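J.: UniProt numbering numbers the first residue of the sequence shown as 1 and each following residue consecutively.
Every residue gets a Cβ at the ideal spot worked out from N, C-alpha and C, and that includes glycine.
Computed from a predicted structure; not experimentally measured.
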Amino acid sequence: MYSPEFCAVLDRYPALNEFTSRVVDFLDRHLPEPVTQEAAQPPWLRLRECAAQAGLTGFDLACATVVPDGLERVAQGLAMFLAGRRDCDAREIFSSGHAAMALRYGAPDIVRSVRDLVVNRGALAGVASSEPHSGSDLRGLRTVAVDHGDHLLLSGTKGLVSRVEEATGFVVFCKVVGPEQAAVLDPGGAALRQVPLSALWLSMDTVGVLTETAAPLGLRGWSLGHLHFDNVRLGKDSLLGDPGDGRRIFDTHFSGWRLMMALVCLGAATAAIEETMARTRRRSVGRMSLANVPSVASRLGTAAAEVQAATAWCFSLLERDRQDGDEVDVAACSAAKALATDASYRAVDIGLQLHGSDGYTCHTPMEKRLRDIRGLRIADGPNDTLYSVLAHSLLTGSRPSPFLVAQRQG
Ligand SMILES: Cc1cc2nc3c(=O)[nH]c(=O)nc-3n(C[C@H](O)[C@H](O)[C@H](O)COP(=O)(O)OP(=O)(O)OC[C@H]3O[C@@H](n4cnc5c(N)ncnc54)[C@H](O)[C@@H]3O)c2cc1C
1 MYSPEFCAVL DRYPALNEFT SRVVDFLDRH LPEPVTQEAA QPPWLRLREC
51 AAQAGLTGFD LACATVVPDG LERVAQGLAM FLAGRRDCDA REIFSSGHAA
101 MALRYGAPDI VRSVRDLVVN RGALAGVASS EPHSGSDLRG LRTVAVDHGD
151 HLLLSGTKGL VSRVEEATGF VVFCKVVGPE QAAVLDPGGA ALRQVPLSAL
201 WLSMDTVGVL TETAAPLGLR GWSLGHLHFD NVRLGKDSLL GDPGDGRRIF
251 DTHFSGWRLM MALVCLGAAT AAIEETMART RRRSVGRMSL ANVPSVASRL
301 GTAAAEVQAA TAWCFSLLER DRQDGDEVDV AACSAAKALA TDASYRAVDI
351 GLQLHGSDGY TCHTPMEKRL RDIRGLRIAD GPNDTLYSVL AHSLLTGSRP
401 SPFLVAQRQG
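Quick look at the structure:
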């Protein structure tokens with residue numbers, strides 16, 4: 001059983017039925033049940049390699065044969081929702097992920113090599129934006145790439161970032177400066193605030209890249225940690241777009257990516273609600289089933305309503321993105337991610353509660369979901385910041401259309 005909103009998307013786009021069946025078949029074969037912390041953890045990177053062999057790592061790129069043209073984003077959203085139903089860590093199995101930035105904005109040699117690694121062979125790409133002193137504030141980033149004419153020298157520290165151990169390469173957000181400017185930079189990075197953001201592709205086997213891992217609360221299927229860059233020498237062709245294009249690349253990519261993470265959590269929450277409904281039907285209190293206790297039904301109904309509304313909003317934005325091209329609504333995508341992950345967290349918390357003490361053990365998937373979704377309320381932009389982005393956009397009228405949910409075409 002899937003969410004009615006998920007089914008409604010498939011009704012609108014029957015051309016995605018075959019793709020969806022392929023994703024479901026893949027999951028049924030490799031990840032048949034929701035993951036519990038108690039069970040042996042799936043070989044996540046190996047599953048991504050299997051997905052590459054099944055043609056499921058590049059479908060989000062234009063010209064992929066498995067998804068009709070123009071439906072790549074919607075297909076990616078469907079895949080993320082389905083992955084989340086099994087486990088939030090399954091989010092990295094499908095699609096090109098953060099490599100999409102290198103594939104979209106990279107020089108031809110970078111595109112060739114990243115495509116071969118990430119799409120054909122199922123390697124993983126990461127994104128390194130956050131720094132220890134500045135995660136939410138992009139202007140405050142202090143990682144610099146000093147431009148020496150024929151090459152760049154990258155220095156700084158990133159983190160906490162995901163996939164430090166598994167990724168074959170990272171899209172690194174940094175400031176490109178000349179050697180004279182680099183020589184007079186103040187330690188607090190005040191001067192760097194005025195330098196526009198740039199993005200570059202960094203292969204993890206480049207000399208001077210060091211990793212350091214940390215122990216996260218959830219999302220433990222993939223490592224979390226710091227990346228240290230010690231005068232890492234890179235060709236100028238590692239730049240994505242032109243110097244200073246970083247903010248545009250970040251906003252365009254993350255608007256879509258935030259919706260993907262939202263849908264992973266909504267998939268997990270939908271599965272949690274279904275499992276909880278089944279348990280409340282089986283479980284009796286006195287002479288009545290738990291499902292018939294009015295406050296139980298009301299809490300489950302509230303959770304389902306919130307999750308369905310958030311799912312509809314996320315897909316509506318993905319469908320709009322399909323029509324608007326590069327004109328993404330950054331503010332709405334940001335707030336939709338915040339709303340979806342908050343609603344998912346509440347739904348799983350109710351599910352855990354209604355599983356009683358079982359829910360509080362590693363024997364059911366509830367506690368893992370709760371920890372995982374908790375991470376996604378901070379990762380890819382802390383939710384409080386993301387709600388503020390929408391408020392700012394509404395207060396300043398920076399979007400031409402005030403509608404938060406796109407009008408669907410009949
Ligand atoms: C599981 C996980 C995976 C991650 N993976 C990556 C990754 O792959 N790549 C990467 O670059 N980063 C990654 N991050 C880092 C993440 O993007 C940052 O943690 C996030 O942007 C917040 O930055 P910060 O930790 O420096 O918190 P701070 O900027 O110090 O903010 C702390 C808190 O203050 C509040 N706050 C901050 N600014 C505002 C504001 N303007 N308005 C309202 N409230 C505000 C929020 O509650 C926020 O959580 C990951 C984080 C987690 C938890």
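Using a 10 Å radius around the Cβ and a threshold of 16 neighbouring Cβ atoms, would you call G397 buried or exposed?
T.: Classification for G397: exposed.
J.: Buried or exposed for R163, please, with buried defined as at least 16 other CB atoms from any protein chain shown within 10 angstroms of its CB.
T.: Per the 10 Å Cβ criterion, buried.
J.: In three-state terms, what does DSSP make of A128?
T.: The answer is strand: DSSP assigns A128 an E or B state.
J.: Quick one: Cα of D205 to Cα of L390, how far?
T.: In a straight line, the C-alpha of D205 is about 39 Å away from that of L390.
J.: Would you call the segment 307 to 321 in contact with the segment 338 to 348, where contact means no fewer than 3 C-beta pairs closer than 8 Å?
T.: Short answer: they touch.
J.: For V144, which residues in the same chain have their Cβ closer than 8 Å to its Cβ, ignoring the five residues on either side in sequence?
T.: Answer for V144: L154, S155, G156, C174, K175, V176, V177, A182, L185 and L192, listed in chain order.
J.: For ligand 1, I want to know if R163 counts as a neighbour, meaning its beta carbon is within less than 8 Å of at least one of the ligand's heavy atoms.
T.: Indeed, a heavy atom of ligand 1 lies less than 8 Å from the Cβ.
J.: From V328 to V285, what does the alpha carbon distance come to, in whole angstroms?
T.: Cα-Cα distance, rounded: 50 Å.
J.: Return the chain-ordered list of same chain residues with a C-beta closer than 8 Å to the C-beta of F59, the five sequence neighbours on each side being excluded.
T.: Hits under 8 Å: F19, V66, V67, E72, A75, Q76, A79, F94 and S95.
J.: Is the beta carbon of L376 within less than 8 Å of some heavy atom of ligand 1?
T.: Yes; taking the cut-off as 8 Å, the Cβ of L376 has a heavy atom of ligand 1 nearer than that.
J.: How should Q194 be labelled, buried or exposed, when 16 other C-beta atoms within 10 angstroms of its C-beta is the threshold for buried?
T.: Label assigned to Q194: exposed.
J.: Under 7 Å Cβ to Cβ from G122, same chain only, skipping five residues before and after it: list those, please.
T.: These residues qualify, in order along the chain: R48, E49, A51, A52 and T57.
J.: Is there at least one non-hydrogen atom of ligand 1 closer than 8 Å to the beta-carbon of L213?
T.: Reading the sequence as shown, one finds Thr at residue 213 and not Leu. No, ligand 1 has no heavy atom inside 8 Å of this Cβ.
J.: Taking 9 Å as the cut-off, decide whether the C-beta atoms of I273 and A336 are in contact.
T.: No; because the gap between Cβ atoms is not below 9 Å, this pair is not in contact.
J.: Using only alpha-carbon positions, find the residue among Q308, M261 and V171 that is nearest to D245.
T.: Among Q308, M261 and V171, the Cα nearest to that of D245 belongs to V171.
J.: Is it right to say S295 is buried, meaning 16 or more other beta carbons lie within 10 angstroms of its own, or is it exposed?
T.: Looking at its Cβ environment, which holds fewer than 16 other Cβ atoms inside 10 Å, S295 is exposed.
J.: Return the first residue and the last residue of the alpha helix (DSSP H) that W222 is part of.
T.: W222 -> no alpha helix (DSSP H), and no H or E assigned at all.
J.: Taking 8 Å as the cut-off, is the C-beta of S130 nearer than that to any heavy atom in ligand 1?
T.: Yes, since a heavy atom of ligand 1 falls inside the 8 Å radius drawn around the Cβ of S130.
J.: Is any heavy atom in ligand 1 found nearer than 8 Å to the beta carbon of G221?
T.: For ligand 1, not one heavy atom lies less than 8 Å from the Cβ of G221.
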